[in-house]
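Enquirer: Each residue of the sequence shown is one higher than the one before, counting from 22 in this note's numbering.
Note that beta-carbon positions come from the ideal geometry of N, C-alpha and C, so glycine has one too.
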Amino acid sequence: MFLKAKRLTALALGPVLMLLGLYSASTAAADAKVNEINMPPGVTNVGQSIFDLHMTIFWICVIIGVLVFGVMFYSIYYHRKSRGVTPATFHESTKVEIAWTVVPFFILIAMAVPATSTLLEIYDFEDAEMDVLITGYQWKWKYEYINEDGENVAFFSNLRTPQSEIYNTADKGEHYLLEVDEPLVIPVDTKVRFLVTANDVIHAWWVPELAVKKDAIPGFINETWTQATEEGVYRGQCAELCGKDHGFMPVVVNVVSKQEYAEWMAAKQAEAAEIKQLMAQTFSMDELMERGKGVYDRSCAACHGANGEGGLGKAIADSPIATGDMAGHLEVGINGVPGTAMQAFGGQLNDVDMAAVITYQRNAFGNNMGDMVQPIDVFNHKKG
Numbered sequence: 022m023f024l025k026a027k028r029l030t031a032l033a034l035g036p037v038l039m040l041l042g043l044y045s046a047s048t049a050a051a052d053a054k055v056n057e058i059n060m061p062p063g064v065t066n067v068g069q070s071i072f073d074l075h076m077t078i079f080w081i082c083v084i085i086g087v088l089v090f091g092v093m094f095y096s097i098y099y100h101r102k103s104r105g106v107t108p109a110t111f112h113e114s115t116k117v118e119i120a121w122t123v124v125p126f127f128i129l130i131a132m133a134v135p136a137t138s139t140l141l142e143i144y145d146f147e148d149a150e151m152d153v154l155i156t157g158y159q160w161k162w163k164y165e166y167i168n169e170d171g172e173n174v175a176f177f178s179n180l181r182t183p184q185s186e187i188y189n190t191a192d193k194g195e196h197y198l199l200e201v202d203e204p205l206v207i208p209v210d211t212k213v214r215f216l217v218t219a220n221d222v223i224h225a226w227w228v229p230e231l232a233v234k235k236d237a238i239p240g241f242i243n244e245t246w247t248q249a250t251e252e253g254v255y256r257g258q259c260a261e262l263c264g265k266d267h268g269f270m271p272v273v274v275n276v277v278s279k280q281e282y283a284e285w286m287a288a289k290q291a292e293a294a295e296i297k298q299l300m301a302q303t304f305s306m307d308e309l310m311e312r313g314k315g316v317y318d319r320s321c322a323a324c325h326g327a328n329g330e331g332g333l334g335k336a337i338a339d340s341p342i343a344t345g346d347m348a349g350h351l352e353v354g355i356n357g358v359p360g361t362a363m364q365a366f367g368g369q370l371n372d373v374d375m376a377a378v379i380t381y382q383r384n385a386f387g388n389n390m391g392d393m394v395q396p397i398d399v400f401n402h403k404k405g
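Here is the structure:
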């Protein structure tokens with residue numbers, strides 16, 4: 022009996038010791054290929070804590086599995102009927118029952134302690150050095166940097182993948198569906214708090230390497246944060262099914278040095294000031310058409326078609342709105358159409374871009390109305 026018990030112990034512990042040795046070796050020799058099939062530790066301290074917790078629980082489960090299945094397969098093999106083994110007759114064992122109650126209790130404690138510590142770290146929103154308001158739209162993100170001086174900087178981040186790649190008329194790029202025209206820019210080694218919400222339906226802002234994933238819910242503001250320790254470009258996407266183009270709203274975060282961030286912010290503030298100056302400017306038809314095409318491709322083509330042929334939204338080509346009364350066209354563009362998928366773009370586009378895209382819609386796709394909208398016209402329409 023003693024020999025059998027000794028043999029059973031050796032059988033159970035042997036694989037465990039072997040796995041522990043393999044774990045130590047694999048940790049020392051970890052490379053990118055291993056991380057491809059495992060969750061990434063990312064570039065934040067929180068991400069590393071989550072990764073360490075994941076690996077701790079993983080190896081606890083592996084050891085338990087080896088012990089349980091080791092004993093089970095040993096018992097099945099060495100106590101099979103063909104060996105003439107007679108089943109033992111016994112009643113409950115108080116010692117065994119205490120053991121299988123106490124041991125799991127301590128195992129759960131071993132997992133609960135680091136899990137609690139990690140959760141406290143994840144939900145520590147205090148002492149953030151900067152705040153960014155993130156708003157999800159169908160199908161883009163709006164980023165607004167909340168500055169103490171009141172000079173907030175806001176912009177939309179749209180998918181940059183060309184329509185030719187989406188419709189398979191060109192080869193896919195390296196970052197197919199994971200590239201944007203305006204990435205979120207944050208400084209390295211800085212605690213950044215994100216205030217996440219949505220304008221229309223539920224979205225989710227997710228960047229794995231920054232250890233951030235938070236639902237964006239209309240009417241609610243959820244908090245999360247990150248503090249990247251390495252400069253670089255980190256990509257994510259909307260992680261909540263949000264409609265037709267759910268797969269077309271990626272997230273790109275550019276982590277830069279603090280000096281580079283300060284220069285970028287200064288340039289953005291100068292750009293915002295320039296837009297204010299442009300509000301009083303009168304543009305030519307060519308200027309409005311050139312700018313309007315860019316705005317249309319970013320903000321309108323997903324629903325109305327790259328050539329105004331329609332799709333999820335109505336066609337722009339020969340549209341009664343685009344070829345009708347100017348005031349009616351402005352009203353639809355600025356305030357949307359309640360009860361439909363047509364959004365209100367008055368809060369998404371500045372007056373210059375709104376004037377340009379309305380002009381473009383009225384003179385492209387064969388509409389050829391010959392009229393123009395100036396930024397002051399948009400401003401006056403908003404004021405009523």
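(1) Could you tell me the alpha carbon to alpha carbon distance between Gly63 and Glu261, rounded to whole angstroms?
(2) Taking all protein chains shown into account, do 16 or more other C-beta atoms lie within 10 angstroms of the C-beta of His402, making it buried, or fewer, making it exposed?
(3) Assuming the contact rule is C-beta atoms closer than 8 Å, Val213 and Val153 should be a hit. Round their C-beta distance to whole Å, please.
(4) Would you kindly report the start and end of the unbroken alpha helix (DSSP H) that includes Asn356?
(5) Excluding sequence positions up to five away, which residues of its chain have a Cβ less than 6 Å from the Cβ of Asp374?
(6) In whole angstroms, give me the CA-to-CA distance for Thr211 and Tyr197.
(7) Leaving out five residues before and five after Phe386 in sequence, what residues of the same chain have Cβ atoms less than 6 Å from its Cβ?
(8) For Ala31, does the three-state DSSP call read helix, strand or coil?
(9) Just to confirm my understanding: we take Lys279, look at its own chain, exclude 5 residues before and 5 after, and list those with CB closer than 6 Å. What are they?
(10) How far does the beta strand (DSSP E) with Tyr144 in it extend, from its first residue to its last?
(11) In whole angstroms, give me the CA-to-CA distance for Thr122 and Val89.
(12) Within the continuous alpha helix (DSSP H) that includes Ala293, where are the two ends?
(13) Return yes when the Cβ of Ala131 is within less than 8 Å of the Cβ of Ile81, no when it is not.
(14) Less than 6 Å between C-beta atoms, sequence neighbours within five positions excluded: which residues of the same chain meet that for Phe215?
(15) Can you say whether Ile379 is buried or exposed, counting buried as having 16 or more other CB atoms within 10 angstroms of its CB?
(16) List the endpoints of the continuous beta strand (DSSP E) containing Thr247.
(17) Is the separation between the beta-carbon of Lys161 and that of Ser178 shorter than 8 Å?
(18) Is the stretch 157-173 touching the stretch 255-274, taking contact as three or more C-beta pairs under 8 Å?
(19) Does DSSP put Phe111 in a helix, in a strand, or in coil?
(20) How is Val233 classed by DSSP in three states: helix, strand or coil?
(21) Have a look at Gly357 and Ser70 and give me their C-alpha separation to the nearest angstrom.
(22) Do you know how far the Cα of Asp170 is from the Cα of Ala283?
(23) Spatial neighbours of Pro135 within its chain, please: C-beta separation below 7 Å, excluding the five flanking residues on both sides.
(24) Given that a residue counts as buried once 16 or more other Cβ atoms are within 10 Å of its Cβ, and exposed if not, what is Ile355?
(25) Rounded to a whole number of angstroms, what is the C-alpha to C-alpha distance between Tyr188 and Arg319?
(26) So, for Leu29: in the same chain, excluding its five sequence neighbours on each side, which residues have a beta-carbon less than 8 Å away from its beta-carbon?
(27) Residue range of the alpha helix (DSSP H) that His75 falls in?
(28) Report all residues from its chain with a CB closer than 7 Å to the CB of Phe176; omit the five preceding and five following residues, and keep chain order.
(29) Measure the C-alpha to C-alpha separation of Val274 and Pro183 and round it to an integer number of angstroms.
(30) Consult DSSP for Lys265 and reduce its assignment to one of helix, strand or coil.
(31) Would the beta-carbon of Cys324 fall within 8 Å of that of Ala291?
(32) So, for Val233: in the same chain, excluding its five sequence neighbours on each side, which residues have a beta-carbon less than 6 Å away from its beta-carbon?
(33) Kindly identify the DSSP beta-bridge partner or partners of Gly240.
(34) Mapping the DSSP letters down to three states, classify Asn328 as helix, strand or coil.
(35) When we look at the beta-carbon of Pro396 and count the other beta-carbons within 10 Å, is it buried (16 or more) or exposed?
Expert: Let me spell this out:
(1) 21 Å
(2) buried
(3) Correct: roughly 6 Å between the Cβ atoms.
(4) Met347 to Asn356
(5) Val316
(6) 29 Å
(7) Once the five neighbours on either side are set aside, the close Cβ partners of Phe386 are Gly329, Ile337 and Ala338.
(8) Caution is warranted here: a pLDDT of 46 is assigned to Ala31, below 50, making its placement in the model unreliable, and the coordinate value is therefore given only provisionally. Correct three-state label for Ala31: helix.
(9) Contacts found: Pro208.
(10) Unbroken run through Tyr144: none, as it is neither H nor E.
(11) Rounded to whole angstroms, Thr122 to Val89 spans 15 Å at the Cα level.
(12) Here the alpha helix (DSSP H) through Ala293 covers Lys279 to Leu299.
(13) yes
(14) Same-chain partners within the cutoff: Val153, Ile155 and Thr245.
(15) buried
(16) Asn243 to Thr247
(17) yes
(18) yes
(19) coil
(20) strand
(21) 45 Å
(22) 14 Å
(23) Leu74 and Thr77
(24) Using a 10 angstroms sphere on the CB of Ile355, the tally of other CB atoms reaches 16 or more, which defines it as buried.
(25) 16 Å
(26) Its pLDDT being 42, under 50, Leu29 is placed unreliably by the model, and the measurement read from it follows with that caveat. Excluding sequence neighbours, Leu29 sits near Val92 and Tyr95.
(27) Bounds of the alpha helix (DSSP H) holding His75 are Asn66 to Tyr99.
(28) Tyr164 and Glu203
(29) 20 Å
(30) Lys265 falls in the coil class under three-state DSSP.
(31) no
(32) Thr245 and Thr247
(33) Answer by DSSP bridge pairing: none, since Gly240 is not bridged.
(34) Coil, per DSSP.
(35) Buried, by the Cβ-count rule.
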